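Chains as they are written, first to last, in this note's numbering: chain F, 42 to 422; chain A, 38 to 124; chain G, 81 to 279. Cβ coordinates follow ideal geometry from the N, Cα and C atoms, glycine included. These numbers come from a predicted model, not from an experiment.
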Amino acid sequence: MKKVYLLDDTIISPLGFSTLENISSVKNQISGLKFQKNKRFKSGGFYVGIIEEERLKEAFSEIGDPDKFTKLEQMMLLALHPIVSNIPNLNNIPLIISTTKGNIDLLQNNSAFPESRVYLSELAKVISNFYGFKNEPIVVSNACISGGLAMAVAKRFIASGKFENAIVVGGDLVSDFVISGFQSLQAISENACKPFSKDRSGISLGEGAAALLLSSQPKWNVKNITLTGVATTNDANHIAGPSRTGEGLYKSIQKALGEAEISAEMIDYISAHGTATRYNDEMEAIAFNRAGLQEVPLNSIKGYYGHTLGASALIESIITKHSLLNNELYKTLNFEGYDLSKPLNIIEENEERNLKYALKTASGFGGCNLAMIFKKEENGS
Amino acid sequence: MKMSDLRTELKRSIIEQLNLEELEVDDIANDEPLFGDGLGLDSIDALELIVLLEKDYGIKLEEPEQGKKIFVSIDKMAEYIEAHRTK
Amino acid sequence: MDLKITDSVHIKNQKIFHGKEMIFSAKPSADIIQFLKQAYKYLNVSYPKFHKMDGLSKLGILGTEVLFQNRTIHPETALIFSNSSSSLETDKLHIEAMGDIVSPAVFVYTLPNIIVGEISIKNGLLSENVFFVTDKFNAGLLLDYSEILMEDSDVPAVVCAWIEWKNADYDVFLCLISRKGNLAFNKENLEELYHFENE
């Protein structure tokens with residue numbers, strides 16, 4: 042099986058319109074979560090990560106007509122732009138798109154766009170045609186693991202020799218559809234989310250998009266990051282709550298470690314899902330303990346972005362990748378006080394450290410779980 | 038409304054709202070636990086019951102946690118509704 | 081690797097086919113709600129949670145009931161599901177509710193992979209999952225991804241499926257892929273099976 046390298050990447054979020062800007066914001070502990078008025082909340086509003094439309098339009102105008110593309114499309118196309126610009130020929134490069142709800146906001150607004158744009162397959166066509174991808178685009182829509190699962194699909198196609206390269210793009214909006222839904226589940230925190238914290242009271246929503254080039258070929262004379270192990274496992278327990286024993290996540294971690302041919306002791310850093318709901322964070326603590334990972338420095342990135350749904354595992358994987366390259370661990374923003382039933386080693390302050398292997402996890406509605414192992418390879422390998 | 042009518046109405050609503058299609062009104066005892074072993078309702082059902090309280094009886098719970106004490110049985114629910122209904 | 085299409089199920093036009101044999105038919109006038117209820121009873125599904133599910137999940141459960149009958153399914157049987165409209169019919173129900181009071185039980189079904197979750201729960205499958213959204217039935221994608229999982233990831237068997245519910249119309253096709261059987265697992269056979277009864 043071939044090695045699969047994670048090459049160029051972009052993040053489009055309230056923290057910036059490039060990976061560099063995003064990493065810099067995270068390093069400086071800047072959060073994209075801001076208070077916004079909303080009648081659905083007792084306190085009159087909530088903390089949420091929103092990309093300003095004007096700023097987005099301005100950036101998008103450099104590459105296309107903002108009136109012809111929805112907000113989510115502009116985000117995804119902007120994310121793809123720097124990556125696609127470096128590729129002379131898009132023949133035989135599949136585009137894999139991850140999103141949970143796509144252009145769902147079109148179903149409610151009287152919009153200039155036809156209702157057919159709500160279909161994820163239509164969204165895929167728009168994105169794919171803009172850049173002239175020759176292969177049929179594929180959409181992965183698998184709840185909150187979508188962003189990472191799209192990477193796993195790309196990795197599996199490349200490792201099997203079916204393709205040399207693949208591009209993953211992911212994105213999701215903060216829409217009234219999603220706000221109202223999560224509110225009905227009592228899942229949204231009134232304050233900015235506090236992953237793994239004693240007083241955590243739910244998620245903060247955020248919007249974002251990201252894109253990543255995966256390839257069987259490394260970049261020369263630099264350190265490369267490979268995706269060496271992936272696995273998904275369903276909990277088979279409940280469609281809207283995680284397994285109390287962390288069954289699916291634990292099994293995914295074990296399988297991913299097996300594929301990467303390493304043991305748990307070799308993991309230097311964990312980028313957890315850490316949504317800050319009572320159940321998710323507890324489940325992750327249990328699963329990581331079962332896998333013997335309770336001492337490994339661990340964070341959740343969601344204090345910076347909120348939960349970006351179909352983009353979350355992709356954005357957070359990119360942050361993880363750059364953590365490894367920079368030998369930097371970023372603190373778990375908003376973390377305060379620990380009371381989970383099992384111990385974890387929460388990263389509370391930024392730290393420099395030699396890092397080689399990282400584990401990224403994600404879980405989602407429908408009982409899905411995903412584990413990915415990233416490895417920093419030596420120069421030119 | 039007579040208490041027994043409220044209990045019957047409540048059972049019908051619950052069967053409909055929670056899609057308990059294989060149950061009849063007579064299958065639900067007034068003091069039977071709704072959660073745990075009784076009717077085997079789960080966390081989503083609990084949230085749906087909060088919706089039912091608001092939709093049918095105009096009762097908006099301050100804290101969802103209150104549900105735990107109210108949704109113990111049909112009897113407990115009926116008592117709470119009688120005391121707090123605005124519809 | 082010698083992979084076979086071990087079995088298949090179709091659900092369309094108020095009929096259920098096991099392989100190429102029709103095993104159930106409701107009245108042509110039956111709408112989807114009546115069809116699902118009648119099929120549920122006919123197949124003796126006996127699973128009260130069924131009634132809480134949305135249309136997509138009900139279709140998926142009925143399909144796997146037929147596919148899995150009289151055989152032991154390995155708990156690591158991967159589920160590779162797809163459609164073109166995601167959970168749009170249920171999304172519309174949520175939007176309706178947003179005008180009044182939102183139902184959490186409806187909202188949880190506004191993701192297409194919930195079908196896979198429900199099937200996993202009912203059948204105790206702790207396995208690889210993916211939900212793809214494609215313009216139309218994509219035999220090549222299902223074939224390639226199934227092969228990769230079975231060859232490179234030690235997955236013992238796969239169910240690949242197309243579960244579509246769009247504008248009150250449904251089109252369901254499931255295949256069990258393993259090393260048993262006579263029908264070779266390739267693009268032509270997959271497409272031929274899918275189009276059978278879709279004429």
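8 Å Cβ cutoff met for residue i and residue j
{"i": "Glu156 of chain F", "j": "Asp213 of chain F", "result": "no"}
{"i": "Gly408 of chain F", "j": "Ile280 of chain F", "result": "yes"}
{"i": "Ile257 of chain G", "j": "Ala237 of chain G", "result": "yes"}
{"i": "Ser242 of chain F", "j": "Ser257 of chain F", "result": "no"}
{"i": "Pro129 of chain F", "j": "Thr51 of chain F", "result": "no"}
{"i": "Ala403 of chain F", "j": "His348 of chain F", "result": "no"}
{"i": "Lys425 of chain F", "j": "Ser312 of chain F", "result": "Lying outside 42 to 422, the shown extent of chain F, residue 425 of chain F is not represented and no answer is given."}
{"i": "Ile96 of chain A", "j": "Arg44 of chain A", "result": "no"}
{"i": "Ile243 of chain G", "j": "Leu173 of chain G", "result": "no"}
{"i": "Ser19 of chain F", "j": "Gly344 of chain F", "result": "Nothing about residue 19 of chain F can be read from this structure; chain F reaches only from 42 to 422."}
{"i": "Gln295 of chain F", "j": "Ala332 of chain F", "result": "yes"}
Interface partners of residue i on chain F, CB under 7 Å
{"i": "Ser200 of chain G", "result": "Asn275, Ala277, Gly408"}
{"i": "Thr190 of chain G", "result": "Gly222"}
{"i": "Val213 of chain G", "result": "Leu161, Ser162, Val180, Ser182"}
Any C-beta of chain B under 8 Å from that of residue i
{"i": "Ile81 of chain A", "result": "Looking for chain B here will not work: the only protein chains present are F, A and G."}
Under 7 Å from the C-beta of residue i: neighbouring residues of chain G
{"i": "Leu84 of chain A", "result": "Pro184"}
{"i": "Asn56 of chain A", "result": "His131, Lys132"}
{"i": "Glu114 of chain F", "result": "Residues of chain G passing the Cβ test: none, with the nearest at roughly 16 Å."}
Spatial distance of residue i from residue j (CA atoms)
{"i": "Ala184 of chain F", "j": "Thr318 of chain F", "result": "16 Å"}
{"i": "Lys267 of chain G", "j": "Leu205 of chain G", "result": "26 Å"}
{"i": "Ser422 of chain F", "j": "Ala250 of chain F", "result": "Because the pLDDT at Ser422 of chain F is just 48, under 50, the model does not fix this residue reliably, and the value given afterwards should be weighed accordingly. In a straight line, the C-alpha of Ser422 of chain F is about 29 Å away from that of Ala250 of chain F."}
{"i": "Thr214 of chain G", "j": "Lys264 of chain F", "result": "36 Å"}
{"i": "Gly261 of chain G", "j": "Ala328 of chain F", "result": "38 Å"}
{"i": "Asp322 of chain F", "j": "Ser353 of chain F", "result": "16 Å"}
{"i": "Glu424 of chain F", "j": "Ile134 of chain F", "result": "Because chain F in this structure spans residues 42 to 422, residue 424 of chain F falls outside the shown range and cannot be described."}
{"i": "Asn262 of chain F", "j": "Glu419 of chain F", "result": "9 Å"}
{"i": "Phe130 of chain G", "j": "Ile141 of chain G", "result": "8 Å"}
{"i": "Gly287 of chain F", "j": "Asp276 of chain F", "result": "8 Å"}
{"i": "Leu123 of chain G", "j": "Leu61 of chain F", "result": "57 Å"}
{"i": "Gln392 of chain F", "j": "Asn150 of chain F", "result": "Here residue 392 of chain F is Glu; the residue named in the question, Gln, does not match the sequence. Whole-angstrom Cα-Cα distance: 45 Å."}
{"i": "Leu147 of chain G", "j": "Glu271 of chain G", "result": "18 Å"}
{"i": "Phe174 of chain F", "j": "Leu255 of chain F", "result": "15 Å"}
{"i": "Lys124 of chain A", "j": "Leu90 of chain A", "result": "10 Å"}
{"i": "Leu48 of chain F", "j": "Pro259 of chain F", "result": "8 Å"}
{"i": "Leu226 of chain F", "j": "Ile87 of chain A", "result": "10 Å"}
{"i": "Ile160 of chain G", "j": "Asn232 of chain F", "result": "38 Å"}
{"i": "Ile388 of chain F", "j": "Leu365 of chain F", "result": "15 Å"}
{"i": "Ala165 of chain F", "j": "Asn176 of chain F", "result": "11 Å"}
{"i": "Thr373 of chain F", "j": "Asn63 of chain F", "result": "15 Å"}
{"i": "Glu121 of chain G", "j": "Val215 of chain F", "result": "For clarity, residue 121 of chain G is Lys in the given sequence; the question names Glu instead. Straight-line Cα distance between these residues: approximately 41 Å."}
Interface residues of chain A facing residue i [CB-CB closer than 9 Å]
{"i": "Ser230 of chain F", "result": "Ordered by position in chain A, no residue passes the 9 Å Cβ test against Ser230 of chain F, which lies about 13 Å from the chain."}
{"i": "Gly35 of chain F", "result": "Since the first residue of chain F shown is 42 and the last is 422, residue 35 of chain F is not available in this structure."}
Anticipated Cβ contact below 8 Å, residue i with residue j, distance rounded
{"i": "Met117 of chain F", "j": "Val210 of chain F", "result": "5 Å"}
{"i": "Thr140 of chain F", "j": "Ala193 of chain F", "result": "Contact flag wrong, Cβ pair sits at about 16 Å."}
{"i": "Ala26 of chain G", "j": "Ser105 of chain G", "result": "Lying outside 81 to 279, the shown extent of chain G, residue 26 of chain G is not represented and no answer is given."}
{"i": "Leu83 of chain G", "j": "Glu198 of chain G", "result": "Contact flag wrong, Cβ pair sits at about 26 Å."}
{"i": "Leu97 of chain F", "j": "Gln115 of chain F", "result": "5 Å"}
{"i": "Leu385 of chain F", "j": "Gln335 of chain F", "result": "6 Å"}
{"i": "Phe223 of chain F", "j": "Leu246 of chain F", "result": "7 Å"}
{"i": "Asn170 of chain F", "j": "Arg158 of chain F", "result": "Actually they do not touch by this definition, with Cβ atoms about 13 Å apart."}
{"i": "Pro192 of chain G", "j": "Phe217 of chain G", "result": "Not confirmed; about 15 Å, so no contact."}
{"i": "Ala200 of chain F", "j": "Asp87 of chain G", "result": "Not quite, the Cβ-Cβ distance comes to about 29 Å (not below 8 Å), so this is no contact."}
Within chain G, partners of residue i - CB distance below 8 Å
{"i": "Val62 of chain A", "result": "Those do not exist, as Val62 of chain A stays about 16 Å from chain G at its closest Cβ, beyond 8 Å."}
{"i": "Glu59 of chain A", "result": "Pro128, His131"}
Per-residue contacts from residue i into chain A (C-beta, under 8 Å)
{"i": "Ile181 of chain G", "result": "Val88, Glu91, Lys92"}
{"i": "Ser225 of chain F", "result": "Leu84, Val88"}
Residues that residue i contacts on chain G, provided the C-beta gap is smaller than 9 Å
{"i": "Glu288 of chain F", "result": "Leu206"}
{"i": "Gln295 of chain F", "result": "Result: empty, since nearest Cβ-Cβ is about 12 Å, beyond 9 Å."}
Problem set entry | Every unbroken alpha helix (DSSP H) inside the stretch 110–189 of chain F [4 residues or more] | Listed in chain order, the complete alpha helix (DSSP H) runs (minimum 4 residues) inside the stretch 110–189 of chain F are 112–126, 161–172.
Problem set entry | Every unbroken alpha helix (DSSP H) within the stretch 43–68 of chain F, with a cutoff of 4 residues, ordered by chain | 60–68
Exercise. Mind pulling the alpha helix (DSSP H) runs of 4 or more residues that sit fully within the stretch 147–202 of chain G?
Worked result: Counting only unbroken stretches of 4 or more residues, the alpha helix (DSSP H) elements lying wholly within the stretch 147–202 of chain G are 168–178, 184–187, in sequence order.
Exercise. What runs of the alpha helix (DSSP H), each 4 residues or longer, lie entirely inside the stretch 56–114 of chain A?
Worked result: 80–94, 104–107
For this session: Could you tell me which uninterrupted alpha helix (DSSP H) segments, each at least 4 residues in length, are contained entirely in the stretch 85–142 of chain G, listed from first to last along the chain?
Result: 112–122
Problem set entry | Those runs of the alpha helix (DSSP H) which lie wholly inside the stretch 213–240 of chain G and span at least 4 residues | Listed in chain order, the complete alpha helix (DSSP H) runs (minimum 4 residues) inside the stretch 213–240 of chain G are 219–232.
Exercise. Which runs of the alpha helix (DSSP H) spanning at least 4 residues fall entirely within the stretch 182–241 of chain F, listed in chain order?
Worked result: 187–200, 217–225
Exercise. What are the uninterrupted segments assigned as beta strand (DSSP E) that are 3 or more residues long and contained completely in the stretch 247–311 of chain F, given in chain order?
Worked result: 249–256, 265–273
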